[in-house]
Amino acid sequence: MLKPLHDNVVLKKEKVEQVTKSGIIVTGDVQEEPDYATVVAVGEGKYVDGKLVPLTVKVNDKVVYKKYSTTTVKFDEEEYLVISEKDILAIVE
Amino acid sequence: MLKPLHDNVVLKKEKVEQVTKSGIIVTGDVQEEPDYATVVAVGEGKYVDGKLVPLTVKVNDKVVYKKYSTTTVKFDEEEYLVISEKDILAIVE
Amino acid sequence: MLKPLHDNVVLKKEKVEQVTKSGIIVTGDVQEEPDYATVVAVGEGKYVDGKLVPLTVKVNDKVVYKKYSTTTVKFDEEEYLVISEKDILAIVE
Amino acid sequence: MLKPLHDNVVLKKEKVEQVTKSGIIVTGDVQEEPDYATVVAVGEGKYVDGKLVPLTVKVNDKVVYKKYSTTTVKFDEEEYLVISEKDILAIVE
Amino acid sequence: MLKPLHDNVVLKKEKVEQVTKSGIIVTGDVQEEPDYATVVAVGEGKYVDGKLVPLTVKVNDKVVYKKYSTTTVKFDEEEYLVISEKDILAIVE
Amino acid sequence: MLKPLHDNVVLKKEKVEQVTKSGIIVTGDVQEEPDYATVVAVGEGKYVDGKLVPLTVKVNDKVVYKKYSTTTVKFDEEEYLVISEKDILAIVE
Amino acid sequence: MLKPLHDNVVLKKEKVEQVTKSGIIVTGDVQEEPDYATVVAVGEGKYVDGKLVPLTVKVNDKVVYKKYSTTTVKFDEEEYLVISEKDILAIVE
């Protein structure tokens with residue numbers, strides 16, 4: 000298992016197909032790769048002025064994040080992304 | 000639905016045509032793409048010195064924003080932009 | 000109307016011709032485009048240490064600003080510039 | 000022995016082969032070089048507001064780190080990486 | 000007149016010829032353009048920790064400044080430079 | 000003698016040959032130039048919040064440092080490196 | 000005379016030839032231009048937390064400085080360098 004440090008978050012990319020109404024549309028084009036992923040692990044938070052501030056996202060949240068802000072890690076035959084929570088933009092509800 | 004984190008804002012681009020007097024003129028040229036969009040969701044704000052400062056823009060505000068400061072997200076057959084409020088320049092009234 | 004957020008200012012470019020003595024000389028050359036504009040709207044200011052600091056420039060001020068620090072916005076058949084007040088260099092009196 | 004200063008950490012790269020289920024899969028491709036390494040020494044920490052904050056990672060932790068954030072050092076016929084702890088993203092458990 | 004904002008300073012470039020002993024030598028070469036100018040107007044200063052700190056340079060000071068840190072403004076048939084005082088390096092006495 | 004200012008440190012590069020077991024292996028290849036050097040002088044430290052914080056490294060320490068963070072100085076027929084202590088990564092013991 | 004502002008320092012480059020034992024060796028090669036210079040004037044210091052901190056270097060100190068951190072100024076038939084004290088690395092004693 001990957002246990003993120005500080006304010007890092009481990010994500011697993013969604014493998015979604017074209018879906019309609021209340022689903023997510025993803026084109027197969029490389030340049031339009033979706034910025035959706037599911038949170039699989041969160042760090043313990045960040046110390047701000049000597050106080051631990053826990054993260055906002057939780058495991059299983061679907062999130063939108065900034066492209067090019069992730070580090071790709073292969074683990075147990077799966078590919079994960081590690082990202083700082085500040086580069087997570089929104090939760091998909 | 001996209002629920003923005005922190006000081007992020009979700010925008011939906013206006014599909015406006017050429018309009019006159021008290022409307023908005025938009026040329027169809029790609030290089031002059033309008034910087035107008037409508038706020039569809041706002042984050043809960045940003046902690047400054049341990050105090051949550053809510054955002055200034057509200058849902059349904061028409062806003063002008065900095066180009067190249069957005070992340071494009073497709074959701075439910077629609078395209079949205081996510082942007083930090085600091086890159087929103089003005090409200091169109 | 001464009002209502003600037005925070006410390007942003009909305010400017011309207013002067014369309015000045017060659018003028019002499021106590022006027023402003025502007026060459027028609029694109030590379031020497033004037034850095035003069037008139038303030039048409041100002042933001043409510045910026046919070047510094049929890050206190051709102053209002054802007055220094057006022058509506059109708061003619062100002063000199065840093066090139067390449069503006070976002071161009073078309074509104075109501077007119078073109079405006081939005082700029083942070085920190086990039087306004089001087090007032091023309 | 001390499002004794003890291005401040006918040007630096009000395010890592011030794013894993014020489015792992017393709018492993019399955021609860022192991023780590025590493026392709027032999029240079030561009031997909033694994034970002035796994037084992038902590039072999041940690042600095043004494045970083046002074047924040049005059050207080051020494053010890054590091055989070057410990058010797059023998061397997062860690063994932065940001066590529067291109069390391070300095071390679073040869074010592075005693077072995078190759079080590081030195082990295083600031085802020086560029087260590089997660090612990091592999 | 001140009002009234003600089005904040006910590007900005009308006010300069011007028013010296014048109015000096017080759018002068019000897021206690022004068023200033025300027026080669027006519029474009030790449031060796033002099034970094035001398037005369038202060039013609041100064042901003043009211045900068046707020047540091049809520050206190051207005053006035054500028055150090057005064058009108059009529061001859062100053063040396065960092066190249067490429069100025070904005071050129073034409074006004075009343077003359078060319079001026081606007082610069083932040085932090086980019087003024089020395090006063091010529 | 001070179002007396003470093005503030006948090007700077009003067010280093011002298013090791014001219015080590017290939018050594019085995021508990022020595023240091025250095026290839027003669029330019030691209031693999033060793034990042035080892037011996038401290039020959041240290042600055043008096045850095046003022047943090049008005050208090051002088053002395054440096055951690057001492058004269059005669061063998062250190063590993065970030066490449067490209069040094070300034071080379073020739074003095075008394077010898078070549079030295081000057082570096083800020085923050086770019087020294089580890090002490091070789 | 001050049002009177003440096005704030006934490007700036009005026010330097011005059013040494014025109015040293017090849018010297019041996021307790022002298023300074025300088026090759027004539029442009030790429031190995033010496034980083035030695037003599038301090039000819041110092042600024043009054045820098046305000047840190049509202050307190051004026053005077054500079055460490057004094058007139059007549061021989062100093063080593065970071066290349067590419069200087070502004071060259073011609074004055075009275077001589078060439079000087081202006082540099083911020085933070086880019087002066089060491090005093091040659």
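Chains as they are written, first to last, in numbering that gives the first Met the number 0: chain A, 0 to 92; chain B, 0 to 92; chain C, 0 to 92; chain D, 0 to 92; chain E, 0 to 92; chain F, 0 to 92; chain G, 0 to 92. Glycine residues also receive a C-beta, built at the ideal position from the N, C-alpha and C atoms.
DSSP lists F:91 as the beta-bridge partner residues of residue 1 (chain D). Going by DSSP, residue 77 (chain F) is part of the beta strand (DSSP E) stretching over 77-83.
In the DSSP annotation of this structure, the continuous segment of the beta strand (DSSP E) that includes residue 70 (chain A) starts and ends at 70-74.
Chain G has no Cβ within less than 9 Å of the Cβ of residue 50 (chain F). Bridge pairing for residue 9 (chain A): A:40, A:81 [DSSP]. Under the Cβ distance rule, residue 57 (chain E) does not count among the residues neighbouring chain G, no pair being separated by less than 9 Å. With distances taken between CA atoms, residue 45 (chain A) lies nearest to D:55 out of D:55, D:83, D:69. Of all C-beta pairs linking the region 47-66 of chain C to the region 2-14 of chain D, fewer than three are shorter than 8 Å, placing the two stretches out of contact.
By the rule that beta-carbons nearer than 9 Å mark a contact, residue 67 (chain F) does not touch chain G. Distance from the Cα of residue 79 (chain F) is smallest, within the candidate group G:84, G:71, G:88, G:75, for G:88. Note on residue 42 (chain D): 16 or more other CB atoms within 10 angstroms of its CB, so buried under the neighbour-count rule. 9 Å or more divides the Cβ of residue 10 (chain C) from the Cβ of residue 91 (chain C). In its chain, beyond the 5 residues on either side, 6 have a beta carbon closer than 8 Å to the beta carbon of residue 85 (chain B). A direct Cα-to-Cα measurement between residue 60 (chain G) and residue 39 (chain G) gives close to 8 Å. Residue 85 (chain B) belongs to the set of residues whose beta carbon lies under 9 Å from a beta carbon in chain C.
In this structure, residue 36 (chain F) sits away from residue 66 (chain F), with a CB-CB distance that is not shorter than 9 Å. In this structure, E:63 is the residue among E:50, E:49, E:71, E:63 with its C-alpha nearest to the C-alpha of residue 71 (chain G).
The C-alpha of residue 1 (chain C) lies about 30 Å from the C-alpha of residue 49 (chain E).
The beta carbon of residue 73 (chain G) is closer than 8 Å to those of 79 in its chain, skipping five residues each way along the sequence. Going by DSSP, residue 51 (chain F) is part of the beta strand (DSSP E) stretching over 50-52. Straight across, the Cα-Cα distance linking residue 58 (chain F) with residue 47 (chain G) is about 30 Å. Residue-level contact by beta carbon holds for residue 63 (chain G) and chain F, with a gap shorter than 9 Å.
Per the coordinates, the alpha-carbon of residue 69 (chain C) lies some 42 Å from the alpha-carbon of residue 76 (chain G). Here the C-alpha atom of residue 83 (chain A) lies approximately 36 Å from the C-alpha atom of residue 83 (chain E). The beta carbon of residue 79 (chain E) does not come within 9 Å of any beta carbon belonging to chain G, so the residue lies off that interface. Any Cβ of chain F closer than 9 Å to the Cβ of residue 44 (chain D) would place that residue at the interface, and such an atom is absent.
Contacts with chain E at 9 Å (Cβ-Cβ) include residue 2 (chain G).
Bridge pairing for residue 61 (chain E): E:37, E:91 [DSSP].
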